[in-house]
Amino acid sequence: MLRYLIKRILMLIPVLLGVSLFVFLVLHLFTTDPAMNMLGQHGTNEQAEALRESMGLNDPIYVQFARFLSDLLHGDFGRSLMTRAPVLDEIFARFPATVELALAAIFIATVVGVTVGVISAVKQYSIFDYVSMIGALVGVSMPIFWLGLMMIILFSLTLGWLPVSGRIAVGMEPAHITGLYVLDSILTQDWESLKSALLHLIMPATALATTSMAIIARMTRSTMLEVIRQDYIRTARAKGLKESVVVYRHALRNALIPIITVIGLQLGVLMGGAVLTETVFGWPGVGSRLIDAIMASDYPMVQGTVIFIATVFVVVNLIVDLLYAWLDPRIKYS
Amino acid sequence: MRKRTLYVVLAVAMLALLLVGCGGGEKATSDEAKDKVFVFAQGADPRGLDPAFVDDGESAKIMVNVYDNLVRYKEGSTEIEPALAESWESNEDKTEWTFHLRQGVKFHDGTPFNAEAVKFNIDRQLEPNRTEAMPYASFVYGPVKSVEVIDEYTVKIILNNPYAPFLANMAMCMAAPIVSPTAVEKYGEDFIANPVGTGPFKFVKWDRGQSIELVANEEYWDGAPKLDKLIFKFVKENSVRASELMTGSIDAMDGVDPNDVKTLQDNGIKVAMNPGMNINYLAFFTNKEPFNNPLLRQAVSHAIDREAIVEHLYQGTADLANGPLPSFMPGYDKDLKPYEYNPEKAKELLAEAGYADGLKVTLLTYTNPRPYNSVGQKLAEAIQGDLQKVGITAEIKAWPWTEYKAIVSPEIVTEGDMMIYGWIGDNGDPDNFLTLLDSKEIAGSLNSAKYANPQVDQLLEQGRQEFDMAKRAEIYSELQKIVIEEAPWVFISHATAMTAERDNVVNFSLHPTGVVFFHNVDKK
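Line by line, the protein sequences give chains A and B. All residue numbers for the first sequence refer to my numbering, where the first residue is 431 and numbers rise by one. All residue numbers for the second sequence refer to my numbering, where the first residue is 1122 and numbers rise by one.
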């Protein structure tokens, strides 16, 4: 197990190196230089040239890449061209928001997805099964941007139940402990903030959860169907166990292992894929910052954010794999 | 398997209990006296809050409420009035300006405001301290030679030569605001996120991507603000911001989408239209074939139906331009007559210029909306349509803004014949707009039309050295007539700026420079 762990961690190195190279090349080959942009409307060509020189943009591309990598290894992601703040500081300032949103979304997706999937499987070919699987198909293909705006119109403007955007009502931020507002407000027993944070979470988390919810529901349904056909389930039924015991204690538990993998993968996807949701709901996470950076040709920021998201993605996947091994003793790694 | 799952559940439960346990007792008591909190929403975070290092409007909106300048704009206009300087005078040839400073003013960190502080602020943006990362230093302080401290509350600024826009520059929201010298030294590079000024509001905190919180400066020299707290909230989508306003979670916003105006008004929200300090124009590359021929430029000017374009594309969110200057600016001449729409005349001129059989040109444009052109590329398409009618085929080449700027700034633009561009005013001085036609600015890339006319250059120089506004207006009127005759630009429009506010908001108004001064804003 330990050898496997070390091997997996070492494998992260080429993956991240590849991501860094890819991001670097795309940004440097397919965008124009940002110097003019930084200078604003009074910028002259000479100033731009001086800026390019001082930023090292005139060096050959391999020199720039080497410098970029060496900075990365020293934990230096550079400074944002827009705000001049260290890239890593900006990412860390926003990362808790993205984590909170992704966790809330995965929670909703799992609870709803697994429940719907199990019922669909148990009542295969019923009306519930058809309706929910059509719903899942719609969910997979629903554009988040549109869905988000529709939700705002319905729940905020028409019904007035939920706040339109942001993470929490202004001035209600709980004391900073973990950066996750829900957790922080529970820790400090700040119930007002908790309520505000939860209300703000509902819409973006649900919108973000839609696709994963649908994927999890379909996955649960198919694995459940497979498991239900197995001999030991027939045996369990033959023993005269109650149907609920058969379904939940025997079938679901065994169907759960591949489902957990899917959930884990979805968590990684959600962390990186929150970009649109964050934009629609004004959620101050890493994703919405990435959009701003792309718009402003702020490429230290774009590079840093993409590499950061990629790292989170592979680390989450690694953890999922390890959990998987730990939960299912039949899986042996060498 | 069962055992393992059980362990996981137990561990999670224990952890949760433990965390709740150590949270312990004291709850923040937020319900003391009810603070008067005002929430203003804008589209994005500021780039930063050090006026020496930023150049964007989102930053300006916050900075003008944290800092003061030596002089400031009057409400609703770009005329100058005293601020941190109570009075000033200049020598005979207008190259030495002596400012008498307000006494007893303190920065938010307790540092006293005095002549040394002014000198510190200007010195850090003069050579050799000036860097490329200071976008406005050379614009605002370019004419400044040196700064002398006369006594504690008197400071003398020495210019290289007389420069009429100087006072207007000192009122600008970039480079000119006075920051606390001790804070700059204390925070170093991070001062950009920890602003300390003398303004009506003090900086409290910045939650990146979310909000900036300011509190009233009770000791403000011009009287304490009416609001206790001022919060800038950042909400990118225009329509989402409008929804926030309708649900009452914010009090006012800028950047209203024209499509949302009716909905907002139906919900009892006040929508205000303000003339904007900008110009949206079509520029010909006058330094090369074919548009080095003024006849051809005039032909195109006659061919474009500006009124129809402004009416249909901007739907009331922009005013037709009759020259380079917006109507509220000194030097604006309401009698100027730009080319009327006349396709027949356009065809005649085209024939006269030797293109009776038609002409093929390339029109460069940016794809995305800009503050002065909310429809982006559609403007180019409308112009293309008009030109087609007189036999000019315009091929459109378009880029996103950031790339566009790099493509159109060289002296000879190889890709095209004309371009769509615009300008956002900096300081409310007419020179700031007209200088875009200065032949010196061809190399500096501001002169997009690469237009050179010695007579215009001379009038510009004359205007910069004339301090009597009435006389300056005459000079500028003459200049604008020449420019209309020579037609390096087709003036299209000035975009109006829209703000929206809830009905209990008092004294809220958008200044022509695009910011809101919150000092006197109140909530009923």
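Cβ coordinates follow ideal geometry from the N, Cα and C atoms, glycine included. Being a predicted model, the structure only gives us computed values, none of them experimental.
Under the three-state reduction of DSSP output, B/E1269 falls in the strand class.
Your pair A/E603 and A/Y611 checks out as a contact, with CB atoms roughly 7 Å apart and the cut at 8 Å. 8 Å or more divides the Cβ of B/S1566 from the Cβ of A/I582.
The alpha-carbon separation between A/S571 and A/A639 amounts to approximately 12 Å.
In the three-state scheme derived from DSSP, where H, G and I count as helix and E and B as strand, B/F1322 is classed as strand. Proximity of B/Y1402 to chain A, defined by a Cβ-Cβ separation below 8 Å, is not satisfied. Following the DSSP letters along the chain, one finds A/W621 inside the alpha helix (DSSP H) bounded by residues W621 to I658. Taking a 10 Å sphere around the C-beta of A/M731, we find 16 or more other C-beta atoms and assign the residue as buried.
Judged by DSSP secondary structure, B/Y1597 falls within the alpha helix (DSSP H) whose first and last residues are M1590 to E1607. The Cβ of B/Q1331 sits closer than 8 Å to at least one Cβ of chain A.
Using beta-carbon distances, A/H472 counts as an interface residue toward chain B, with a partner under 8 Å. Taken in chain order, the complete beta strand (DSSP E) segments of 3 residues or longer contained in the region 1311-1373 of chain B are 1322-1328, 1332-1337 and 1350-1355.
Where B/R1168 is concerned, there is no enclosing alpha helix (DSSP H), because DSSP gives it neither an H nor an E. Contact between B/V1160 and B/I1299 does not hold, since their C-beta atoms are separated by about 27 Å, which reaches or exceeds 8 Å.
Counting along the chain, B/A1439 sits inside the beta strand (DSSP E) bounded by residues A1439 to L1441. By the beta-carbon neighbour count (other beta carbons within 10 angstroms, threshold 16), B/E1532 is exposed.
In the DSSP assignment, B/I1299 falls outside any beta strand (DSSP E), carrying neither H nor E.
Within the region 452-537 of chain A, the complete alpha helix (DSSP H) segments of 4 residues or longer fall at 465-469, 475-485 and 491-503, listed in chain order. Nearest Cα to B/I1313 within the set B/L1558, B/G1225, B/G1397 and B/P1172: B/P1172.
Within the region 1513-1568 of chain B, the complete beta strand (DSSP E) runs of at least 3 residues fall at 1513-1520 and 1539-1545.
Taking 8 Å as the cut-off, the beta carbon of B/T1275 is found no closer than this to the beta carbon of B/Y1188.
Listed by position along chain A, the residues whose Cβ is nearer than 8 Å to that of B/I1313 are T513, R514 and A515. Listed along chain B is no residue with a C-beta nearer than 9 Å to that of A/G486; the closest approach is about 13 Å.
Scanning the region 701-728 of chain A from its first residue to its last, the whole alpha helix (DSSP H) runs of 4-plus residues come out as 705-710 and 716-725.
Contact between B/P1445 and B/F1260 fails: their C-beta atoms lie close to 18 Å from each other, not under 8 Å.
By the Cβ criterion, the region 1413-1420 of chain B is not in contact with the region 1514-1528 of chain B, since fewer than three pairs of Cβ atoms, one from each stretch, lie closer than 8 Å. Excluding sequence positions up to five before and after B/T1556, its CB lies within less than 8 Å of the CB of E1562, L1567 and L1581, all in the same chain and listed in chain order. Distance check between B/Y1284 and each of B/Q1583, B/N1401 and B/Q1601 places B/Q1583 closest, using alpha-carbon atoms only. CA-to-CA, the gap between B/Q1331 and B/K1354 works out to about 6 Å. Contact between A/M643 and A/G569 holds: CB atoms are separated by about 6 Å, below the 8 Å threshold. A Cβ-Cβ contact shorter than 8 Å links B/N1574 with B/I1603.
Cβ proximity to chain A below 8 Å picks out D1328, R1329, G1330, Q1331, S1332, E1334, K1350, I1352, K1354, F1355, V1356, K1357 and E1358 from the region 1326-1359 of chain B. The beta carbon of B/L1434 sits closer than 7 Å to those of V1496, K1499, L1500 and A1503, all from its chain and outside the five residues before and after it, given in chain order. In the structure shown, the three-state DSSP call for B/P1203 is strand. For the region 1567-1593 of chain B, the beta-carbon criterion of a distance under 8 Å to any beta-carbon of chain A is satisfied by L1567.
Classified as exposed, A/P444 has fewer than 16 neighbouring CB atoms from the shown chains inside 10 Å of its CB.
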